[in-house]
Amino acid sequence: MKVEDPDYTVTYAREEGRIEFAGALRMPHAEHYKPIGNILQEAAAAGVSPLVLDFRKLRMLNSRGFGLVAKFVLGLAGSKSQLKLQVLGSRKYHWQTRSLTTLKRLWSEVEISIEG
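Be aware that the sequence shown starts at 176, since it is given in my numbering, and climbs by one per residue.
1) Report, in whole angstroms, the separation of the C-beta atoms of G264 and Q271, which I expect to be a contact under 8 Å.
2) Assuming contact is defined by CB atoms lying nearer than 8 Å, are I287 and L281 in contact in what I supplied?
3) In terms of alpha-carbon separation, which member of D229, K267 and L236 lies closest to L260?
4) Can you tell me the Cβ-Cβ gap for A218 and I194, rounded? I've got them flagged as a contact below 8 Å.
5) Taking just the CA atoms, how far does A197 sit from V285?
6) Have a look at I289 and L236 and give me their C-alpha separation to the nearest angstrom.
Structure representation (structure tokens):
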């Protein structure tokens, strides 16, 4: 499953339990993030563990987009899900080091790996 735009791509590989984000997600309204939210929910429902959220190719994520990811993580934490969640980031993009690591505060079970 894939959501594409000239500025970004979000690809869900169901068999691998991997969602890859690339480009720049800076949509102005929360409702524009609905297709991405649907991918996150579908991936959680599929139950492939670990579920990997790969942000290493994502240059930018605005606060609305990060809010969607944070809400997803909080939803998993609140559901007492047995799903393991891995978040991959890159030091190449400063926001990832700062923002992605805050997900650990929302759910201590999140495994965060910031590379390079």
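Think of the CB as a built atom: it goes at the ideal place given N, C-alpha and C, for glycine as much as any other residue.
On the basis of the supplied data:
1) 4 Å
2) no
3) D229
4) 6 Å
5) 21 Å
6) 16 Å
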